[in-house]
Every structure is written in C-alpha cells, then in structure tokens.
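**Student:** Using numbering that gives the first Met the number 0, you'd call the opening residue of the sequence shown number 0 and step up by one each time.
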Amino acid sequence: MPTTAKIIAIGNSAGIILPKETLARLKLEKGDTICLSETPYGAHLTAYDDQFLRKLEATERVMHDYRDTLKKLAE
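1) Which one of Met62, Ala4 and Ser12 has the shortest CA to CA distance from proline 18?
2) Have a look at lysine 70 and glutamate 37 and give me their C-alpha separation to the nearest angstrom.
3) Whole-angstrom Cβ separation of alanine 42 and leucine 35, contact assumed at under 8 angstroms?
4) Would you please state the rounded distance, in angstroms, between the beta carbons of threonine 21 and threonine 2? I believe it to be under 8 angstroms.
5) What are the uninterrupted segments assigned as beta strand (DSSP E) that are 3 or more residues long and contained completely in the region 21-57, given in chain order?
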C-alpha cells in the first residue's frame, strides 16, 4: 500500500521521515542503514543487505559487460 513520507532539511542535506508502520514492515529501527535503488518506476527502498547488494552489483557488471550478447538473446 502506498504511503507518504516528508522530506526535511538536515543541515545542508535532506532526510526522509518514515512512518513507524513502514519501519515495522521493513524491520528497521532508528539508525539502521537502508538501500535506495532507482528503477524505471521510481525509487525502491529496502532494508540494507550487504550480501544482496554485492550480488546486485555483480549482476549489473555482467549486464554491462555482456549487453550486446544479452540484446541478441532477447531478440
């Protein structure tokens, strides 16, 4: 279910205030690190998972290195 979050000023940066229900659903607490990914549909927010992030980076390298081959396979 979509929800809203407010962007606030924090010094020269900005922060997002997440509702407590969102924190509970993501199993996050104050001070935790999160992972923010940009997708064609907008931003995707998930709990930080170092192992998953390494796999995602490896996948992106393979997709970049073999982009021509992947395009041919998709035809």
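Even glycine gets a Cβ: it sits at the ideal position worked out from N, Cα and C. Predicted, not measured: the structure shown is a model, and the values here were computed from it.
**Tutor:** Reading from the atomic positions:
1) Ala4
2) 22 angstroms
3) Indeed they touch by this definition, with Cβ atoms about 6 angstroms apart.
4) 6 angstroms
5) Listed in chain order, the beta strand (DSSP E) runs fully inside the region 21-57 are 33-38 and 41-46, counting runs of at least 3 residues.
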